[in-house]
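Peer 1: Below is one structure. I have some questions about it.
Right under this line is the structure:
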């Protein structure tokens with residue numbers, strides 16, 4: 857699973873002064889983690905008029921077995937790479 861603990865407001869907070877727009881503050885909040893799905897929201901606050909926009913997304917983090925199965929089903933093959941650890945496959 858991805859490091860969703862890094863998607864907190866303190867780590868994702870950005871404040872930018874955008875020419876013609878003014879100061880915009882943005883950050884991310886995790887809404888839900890139900891493996892393999894992670895739902896999160898980006899919040900954008902425009903200081904000039906107080907407008908707040910949000911963008912909600914859900915990502916699916918597929919496991920290695922699921923990815924390898926999908927690749928095989930579509931005609932690809934997976935194999936170990938010489939000189940790399942056993943965890944590296946293409």
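In my numbering, the protein residues as written are 857 to 946. Every residue gets a Cβ at the ideal spot worked out from N, C-alpha and C, and that includes glycine.
Taking the alpha helix (DSSP H) that residue 922 falls in, what are its first and last residues?
Peer 2: Start at 1 with the first residue of the chain shown, and residue 922 comes out as number 66. Where residue 922 is concerned, the enclosing alpha helix (DSSP H) stretches over 920-929.
Peer 1: Straight-line CA distance for residue 871 to residue 908?
Peer 2: As a working note, residue 871 is residue 15 in the chain shown. As a working note, residue 908 is residue 52 in the chain shown. Distance between the alpha carbons of residue 871 and residue 908 is about 14 Å.
Peer 1: So, is residue 894 buried or exposed, given that buried needs 16 or more other C-beta atoms within 10 angstroms?
Peer 2: To locate residue 894, count along the chain shown from 1; it is residue 38. Buried.
Peer 1: Would you kindly check if the distance between the Cβ of residue 896 and the Cβ of residue 927 is under 9 Å?
Peer 2: The count along the chain shown starts at 1 and reaches residue 927 at position 71. The count along the chain shown starts at 1 and reaches residue 896 at position 40. In this structure, residue 896 does not lie closer than 9 Å to residue 927 by Cβ.
Peer 1: Going by DSSP, which residues form a beta bridge with residue 891?
Peer 2: Walking along the chain shown from the start, residue 891 turns up at place 35. Bridge partners of residue 891: none, in fact.
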